[in-house]
Structure formats: structure tokens, C-alpha cells
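Have a look at the structure below, then the notes.
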Amino acid sequence: DVKVTQSSRYLVKRTGEKVFLECVQDMDHENMFWYRQDPGLGLRLIYFSYDVKMKEKGDIPEGYSVSREKKERFSLILESASTNQTSMYLCASSSGGESTDTQYFGPGTRLTVL
Amino acid sequence: TQLLEQSPQFLSIQEGENLTVYCNSSSVFSSLQWYRQEPGEGPVLLVTVVTGGEVKKLKRLTFQFGDARKDSSLHITAAQPGDTGLYLCAGAFNFGNEKLTFGTGTRLTIIP
Chain P
58 DVKVTQSSRY LVKRTGEKVF LECVQDMDHE NMFWYRQDPG LGLRLIYFSY
108 DVKMKEKGDI PEGYSVSREK KERFSLILES ASTNQTSMYL CASSSGGEST
158 DTQYFGPGTR LTVL
Chain B
718 TQLLEQSPQF LSIQEGENLT VYCNSSSVFS SLQWYRQEPG EGPVLLVTVV
768 TGGEVKKLKR LTFQFGDARK DSSLHITAAQ PGDTGLYLCA GAFNFGNEKL
818 TFGTGTRLTI IP
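Residue numbers (the working numbering), protein chains in the order written: chain P, 58 to 171; chain B, 718 to 829.
Next up, the structure:
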């Protein structure tokens, strides 16, 4: 079974802090994704990566950056956290190449910025 | 950015009843997926539909893709408490593009 793990289930940070969210997948998938999930808005894509060191902006990249130094690991970085970044963050991976590929999700990190 | 609207946003029904949830877009999908998310977990894929008019069944769940590939529906027969969760449709608008646009979600509660 594909396993996608996220470094923390819950995280509380203060405004202005630098925040790292880590995601690891164990199935050698090419693609990895970061979403944020807010009530009534569904999942919105922040960034995705289709290969090591490759990244592409999603629909809401402002205030975020990403890093993919190794194939299995995809990090989301909040350079200076703000209260409007309080949300559930979901990481996903897929084998790559087709829109019909299954995306496998981690359990999510609920981030609160005070 | 293409938008996917799901309706209803919330649905609460008694065990044993039937229900249908909808996913609509003004743009044509190249493919569409339905996911279910349970509390404290990430979404899990239920089905992928690709062909206009396609119908797929998964036990008591029936998924239909509109003929024009702009809409989809999920019908649940004889709902069970285990069907409780957030149902998300996710559409791809370009063939071969791995990016998905997710719908706003339908939160379903089945009352025993």
C-alpha cells in the first residue's frame, strides 16, 4: 500500500515564524502536491512537483514556497506565517503522467497561526 | 481557474434512504474523480470516470459522468452510517495534465 506521511498532525505557530511542513511518500511516485483545505472551499492546490528539484505553482502559491531535494520528500515552507494561513494542509502523491492517476493523500497537518 | 460546484454542501439523512450529490462545471472535464474523506484522514479515491455518459458502480454507490463531460453525480442507495464523510469531486481539464481541481465538497451524515 502507498503510504504518505506528514511530519505533524497538529502545529501551532506565531505570526511571523518560519514554518516547515514535511511530507514523505514510500512508493517512488513522480508527482507530489500540497493543498490547503478550508470549509466550503474544498481543496486548493498550492504547489506541485513532477520531479526532483522541479516545481510548479498551483492556484494559491502566494506566501508559500516548496522544496523537493529528494524524490520521496516534498516540503512546504511558510516564510513568515500569517493568521490567514491557519488551515488544514494536505500532501498527496501520484505515479505521474496522467490526470487519471490516483492521488494518495497523507492524513493532513492542522496548522494554527496565532 | 476553473470552478467545480458541488451540491448540496451539507446533507443529513436517515439510514436506509437514498441520496444524490452533484458536481458541476462550466468547462469540459477530460476526466473526473470522486474522493471520500473521513474525519482525521486524507481523501481516498472512490472512482475515476473518463467517457461522457459513463456509469460506474461501487457496491451501493453509482457514479455517472454527464454526456457533455461538464457534470457528474454520485447516487447512494440505502445509505449506511459508514457512508458518512466528505465527498469531493475532482476534475482534470487537460489530458495528460496531472493537476486536479477539487470541488467544494458535500458533507454527508447518515443518522442510524
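Beta carbons are placed, not taken as given, at the ideal position from N, Cα and C, and that holds for glycine.
Computed from a prediction, not measured in an experiment: that's the story for all the values here.
query	result
Partners in chain P for residue 760 (chain B), counting only beta-carbon separations shorter than 7 Å	162
Host beta strand (DSSP E) of residue 809 (chain B) (start-end)	802–809
Integer Cβ distance of residue 68 (chain P) from residue 140 (chain P), believed to fall under 8 Å	Not confirmed; about 14 Å, so no contact.
Sheet register partners of residue 99 (chain P) (DSSP bridge)	P:95
Cross-strand partners of residue 84 (chain P) (DSSP beta bridge)	Paired residues: none, contrary to the question.
Beta-carbon neighbours of residue 815 (chain B), restricted to chain P and to distances below 9 Å	87, 88, 90, 105, 107, 151, 153, 154, 155, 156, 158 and 160
Residue from P:164, P:89, P:170 and P:171 with nearest C-alpha to residue 758 (chain B)	P:164
For residue 732 (chain B), the first and last residue of its enclosing beta strand (DSSP E)	That residue, residue 732 (chain B), is in no beta strand (DSSP E); it is neither H nor E in DSSP.
In DSSP terms, what residue 663 (chain B) is bridged to	With chain B covering 718 to 829 only, the question about residue 663 (chain B) has no answer from this structure.
Own chain residues within Cβ distance below 8 Å of residue 785 (chain B), not counting five before or after	745 and 769
For residue 147 (chain P), the first and last residue of its enclosing beta strand (DSSP E)	144–151
Proximity winner among B:827, B:750 and B:734, relative to residue 798 (chain B) (alpha-carbon distances)	B:827
Residue 63 (chain P) - partner residues in DSSP beta bridges	P:80
Alpha carbon of residue 803 (chain B) to alpha carbon of residue 755 (chain B), nearest angstrom	6 Å
Beta-carbon contacts of residue 727 (chain B) that lie in its chain and below 6 Å, excluding the five residues immediately before and after	824
Nearest-angstrom Cα separation, counted from residue 730 (chain B) out to residue 182 (chain P)	The requested residue 182 (chain P) is not part of the displayed model; chain P covers only 58 to 171.
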